[in-house]
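Notes follow once the structure below has been shown.
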Amino acid sequence: MSPTPPARRLRLHLPRRMFAQVLLMQVAIAAGVAVLATGLFLAPLSDQLDDQAMRRALSIAQTTAAQPQIAEDLTDTPATASGPVQREAERIRTATKAEYIVVMDRRGVRWSHPTPSEIGRLVSTDPGQALAGHDVMQIDSGTLGRTARGKVPLRDGDGKIVGAVSVGIAYDSVRARLLHAIPGLFAYAGGALAVGALAAWLISRRVQRQTRDLAFSDISALLAEREAMLHGIREGVVALDRGGRIRLLNDEARRLLGIGDEAVGRSLDEALGEGRTADVLAGRVTGTDLLTVRGQRVLVANRMPTDDGGAVATLRDRTELEQLGRELDSTRGLIDALRAQDHEHANRMHTVLGLLELEMYDDAVEFVGEVVGDHRATAEQVAEKIQDPLLAALLVGKATVAAERGVALSLADRTGLPDRLIDPRGLVTIVGNLVDNALDATAGTPHARVEVELQAEGRTATLRVRDTGPGIPEEQRELIFTEGWSTKQRPAHRERGIGLPLVRRLAERQGGSATVGDAAGGGAEFTVVLPEALAAADLEPALAVPSDPHAHTVAEEESR
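If you're matching positions, the sequence shown starts at 1 in my numbering and goes up one per residue.
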């Protein structure tokens with residue numbers, strides 16, 4: 001026989017959608033509040049009705065006892081069903097719709113009662129407190145059933161207690177009032193519940209729109225995935241609210257921007273300082289793949305607005321790519337120079353060979369001496385005026401490249417720089433970048449010429465690079481120092497518009513400046529002033545404080 005299948009448990013499943021769960025919880029809360037409010041209202045209502053009935057009975061009793069004729073009749077007439085006390089008590093009972101009005105003497109004998117046969121008998125409850133001069137209110141049971149009672153002493157004209165008056169209000173009427181109030185109370189509670197349910201539905205619909213009809217589990221999964229993605233990707237992510245304040249930063253954004261968690265909740269200008277980076281992230285500069293420089297890093301930023309008025313910006317570190325691009329350009333330039341030198345060397349060797357075959361030995365010796373002398377003279381001239389070996393080597397190499405491109409590169413007569421540079425690599429970066437730009441501007445033009453002037457005065461080094469190119473229009477002289485701005489065609493492997501901003505940044509980091517103007521003979525003249533570039537004359541260069549070597553490497557490779 002097949003085994004008996006296990007009994008299934010009845011399980012209640014909550015709806016998966018977030019808005020449905022919110023609606024269900026809000027309706028449940030509204031219903032619970034309505035039931036609780038109804039219960040809290042009904043609980044004291046019964047006591048209030050009892051208190052009202054007892055006070056009404058006491059008020060009728062006090063009004064009856066205040067009539068002096070009743071006290072006189074009580075002492076002067078017998079207790080009979082047709083006596084004046086009975087007639088007056090019944091008149092008042094009928095007028096007030098009380099259950100009963102009992103007038104008794106000091107012995108507790110009734111002189112009035114709705115049932116005439118009870119007249120002359122003792123009362124069923126103790127009248128001691130009333131006969132002792134006290135007003136009494138109570139819920140009690142007697143010959144007419146359960147009633148709300150009020151008892152007061154009855155006094156004669158001299159104030160002497162001669163009896164008591166007891167008035168009862170039927171308790172059934174009190175209960176009827178309570179039951180009569182319940183339907184109305186439930187109606188009000190039902191109306192409040194309906195309004196609460198409608199408000200809960202409207203709120204849940206808004207929640208549905210704002211949460212894209214997702215379930216709680218979906219939202220939880222999205223949050224977990226977002227955290228994993230934000231902290232796992234190699235791109236910086238900066239989320240902004242509608243006021244432009246930073247709402248979220250991932251680990252990569254903190255690293256690239258050099259800020260921490262203290263920036264959250266602050267504006268971009270407060271967290272980053274004024275500059276292009278803040279302008280790009282805030283949307284004040286528009287476009288895609290916008291270049292900016294933060295510290296020693298070249299960043300590519302993109303900004304996407306969000307539906308709530310904020311924005312999300314992504315940052316990519318292009319420092320290494322830019323470095324590789326610069327190295328590639330340098331390598332290509334070196335290859336071109338070597339190719340040209342190889343071609344020129346072959347021509348010279350052929351010339352020497354021809355002179356030897358023609359047995360023109362003296363001419364061959366003279367030709368070789370001229371060629372060697374030209375190169376030696378250039379190297380000696382540079383080494384004589386520029387005593388720093390790195391900078392001298394750079395200028396000798398640039399002179400060779402310039403000659404192959406048809407540009408005359410020379411040093412100004414006033415050039416003189418001692419070997420006391422604090423940051424030789426930084427100055428190499430600045431000179432290399434400016435000379436490369438000058439060669440690009442003058443190559444292919446007639447009588448192309450580039451002049452480099454380096455002067456030292458105290459600890460200040462001043463660099464001027466002049467060229468005979470087309471020059472820089474006055475309205476563009478500040479734009480050329482802006483990250484990403486360039487008039488040159490962008491190579492396939494990297495971005496343009498990085499070198500000159502880095503030149504200015506390197507100069508300003510040393511407290512100096514970088515400007516551009518017109519050269520005396522036409523073209524452009526770049527001037528860089530570095531107030532703290534040289535060590536004091538009485539100190540050895542090795543004792544000078546070097547700058548960050550990593551910063552040199554990045555800046556040097558990005559200067560081109």
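Glycine is no exception: its CB is placed at the ideal position from the N, C-alpha and C atoms.
Small disclaimer: the values here were computed from a predicted structure and weren't measured.
In the three-state reduction of the DSSP assignment, Asn250 falls in the coil class, being assigned neither a helical nor a strand state.
Our two residues, Gly190 and Glu225, have alpha carbons roughly 44 Å apart in a direct line. The closest CA to that of Glu384, considering only Gly128, Arg318, Thr125, Gly416, is found on Gly416. Here the C-alpha atom of Leu240 lies approximately 18 Å from the C-alpha atom of Gly287.
Bounds of the beta strand (DSSP E) holding Ala239 are 236-240. For Asp388, the secondary structure class from DSSP, reduced to helix, strand or coil, is coil. Excluding its 5 nearest sequence neighbours in each direction, Ala89 has C-beta neighbours in its own chain below 6 Å: Ile101, Val103, Ser112, listed in chain order.
Setting aside the 5 residues that flank it on each side, Val264 is surrounded in the same chain by Ile246, each with a C-beta closer than 6 Å to its C-beta; the list follows chain order. Taking each of Leu299, Val136, Thr306, Gly244 in turn and checking the Cα distance to Ala282, the smallest one comes out for Gly244. Runs of the alpha helix (DSSP H) lying entirely within the segment 99-151 and spanning at least 4 residues, in chain order: 128-131. For Ala408, the secondary structure class from DSSP, reduced to helix, strand or coil, is strand. Leaving aside the five residues that flank Asp279 on each side, the residues in its chain whose CB is nearer than 7 Å to its CB run, in chain order, Val285.
Within 10 angstroms of the beta-carbon of Glu252 lie 16 or more other beta-carbons, which makes it buried. The distance from the Cβ of Asp50 to that of Ile161 is about 28 Å, inconsistent with a contact at the 8 Å cut-off.
Take Ala197, set aside five residues on each side of it, and the residues of its chain with a beta-carbon closer than 7 Å to its own are Val27, Ala30, in chain order. Taking Arg56 as the centre and dropping the five residues before and after it, the same chain places the C-beta of Ile169 closer than 7 Å to its C-beta, in chain order. A contact is defined here as three or more CB-CB pairs under 8 Å, and the segment 387-403 fails this definition with respect to the segment 502-512.
Counted as a single uninterrupted DSSP element, the alpha helix (DSSP H) harbouring Arg93 occupies residues 84-96.
Contact between the segment 467-477 and the segment 433-449 is present: three or more C-beta pairs spanning the two stretches fall below 8 Å.
Following the DSSP letters along the chain, one finds Pro305 inside the beta strand (DSSP E) bounded by residues 297-305. For Gln455, the enclosing beta strand (DSSP E) starts and ends at 449-457. Beyond the five residues adjoining it in sequence on each side, Thr515 comes within less than 7 Å, by CB distance, of Thr527 in the same chain, given in chain order. Residue range 68-76 is occupied by the alpha helix (DSSP H) that includes Thr75. Straight through space, the alpha carbons of Asp76 and Ala148 are spaced by roughly 30 Å. The straight-line gap separating the alpha-carbon atoms of Gly426 and Ile386 is approximately 15 Å. With a threshold of 16 other beta carbon atoms within 10 Å, Ala187 falls short and is exposed. The beta carbons of Glu235 and Arg318 sit no closer together than 8 Å.
Rounded to the nearest whole angstrom, the CA to CA distance from Leu355 to Ala346 is 14 Å. When DSSP states are grouped into helix, strand and coil, Ala535 belongs to the coil group.
When the alpha-carbon of Arg254 is set against those of Arg297, Ile480, Val123, the nearest one is in Arg297.
Taking a contact to require three or more Cβ pairs closer than 8 Å, the segment 149-157 and the segment 81-95 do not qualify as touching. In the DSSP assignment, Ile480 falls outside any beta strand (DSSP E) and carries neither an H nor an E. Bounds of the beta strand (DSSP E) holding Thr292 are 290-294. Boundaries of the alpha helix (DSSP H) around Asp440: 424-442. Rounded to the nearest whole angstrom, the C-alpha separation of Leu74 and Val109 is 11 Å.
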